[in-house]
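Numbering-wise, full-length UniProt numbering puts 28 at position 28 of the sequence shown, and it's gapless, one number per residue. Each residue gets a CB set at the ideal place from its N, CA and C atoms; glycine is no exception.
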Amino acid sequence: MPELPWTPAADGLVVTVRLTPRGGRDGFDGIERLADGRAVLKARVRAAPSEGEANAALITLFAKSLKCPARAVALIAGDTARIKRIKIAGEPAVLADALARLSGVSA
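Here is the structure:
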């Protein structure tokens, strides 16, 4: 099984994301391997990358897609970078299964 872009944490999951702002739509585009070998979940949002709009849209996208409250999703790294780390509070196994379905990975 290929390396996944999320890892369990004590009270949730930490996800490495490559965000494309002004992507034409809000959604996930599967998993990609970066040049350094890290796996990332590709995401795109319609929002522009100014004044935190794209980050807010990414948090909303995760919350809606995983059917969890937005307060359970937090940006923990990569505020102004294309590669971001998102922490999602909840049951790690349940969240991992949901992300696998969203990204098209067979669990």
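- Judged by DSSP secondary structure, T60 falls within the alpha helix (DSSP H) whose first and last residues are E53 to L66.
- Measuring C-alpha to C-alpha distances from V73 to each of L58, R82, D79 and I83 identifies L58 as the nearest.
- As summarised for the segment 10 to 56, there are no continuous alpha helix (DSSP H) elements at least 4 residues long confined to that stretch.
- Nearest in C-alpha terms to R101, of all of A89, V14, G30 and L13, is G30.
- For the pair I83 and P92, the Cα-to-Cα distance works out to about 21 Å.
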